[in-house]
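Colleague: Would you mind keeping the following structure in view while I ask a few things?
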Amino acid sequence: MCEIFVNADPALWEAEARSLRLGGVSTSLRLEKLFWSVLEEIAARDRLTIAQLITRLYDELTESREEVGNFTSFLRVCCARYLSLQLNGSISTDRRLPLRGLSANRSLDHHVSA
């Protein structure tokens, strides 16, 4: 069973740091290449750069919560939710279709609690 994970390309879990501005502050985010790839796909669907997507996620998160906590963990969960919502059919796998018009309430109905 584990071979499908163990034999994956090791480059997928190599960490990569990228610099951007969040909340007016220059910062660096370190994520595995697999997560950067998923974030790039999400951004491309709405014709955003990855920096624009991450800034938008950060701004919306800080508007809805007093404390952000571990933002890179939040980004990893965003990627996992995106893939999970595609798998259960809540989000189209057609990368040409934008995500910005999707109903958050409908997607949250398919939320999986830990």
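Residue 74 in the UniProt record's numbering sits at position 74 of the sequence shown, with consecutive numbering throughout. Every residue, glycine too, gets a C-beta built ideally from N, C-alpha and C.
1. In three-state DSSP terms, what is leucine 102?
2. On the three-pair Cβ rule with 8 angstroms, is the segment 39-49 touching the segment 58-66?
3. Are cysteine 36 and glutamate 16 touching if we call contact CB-CB under 8 angstroms?
4. Among Asn88, Arg96, Arg56, which residue has its Cα nearest to the Cα of glycine 24?
5. I'd like to confirm the pairing. Which residues does DSSP put opposite serine 28 in its beta bridges?
6. Can you tell me which of the three DSSP states arginine 95 falls into?
7. For isoleucine 91, collect the residues of the same chain with a Cβ closer than 8 angstroms to its Cβ; drop the 5 residues on either side in sequence, then sort them by chain order.
8. Taking the straight line between their C-alpha atoms, what separation do you get for glutamate 41 and serine 73?
9. Taking the straight line between their C-alpha atoms, what separation do you get for arginine 95 and alanine 43?
Modeller: Judging by the given coordinates:
1. coil
2. no
3. It should be pointed out that residue 36 corresponds to tryptophan in this sequence rather than to cysteine. In contact: tryptophan 36 and glutamate 16 (Cβ atoms closer than 8 angstroms).
4. Arg56
5. Ser19
6. coil
7. Tyr82, Leu85, Leu99, Leu102, Ser107
8. Taking the straight line joining both Cα atoms gives about 18 angstroms.
9. 10 angstroms
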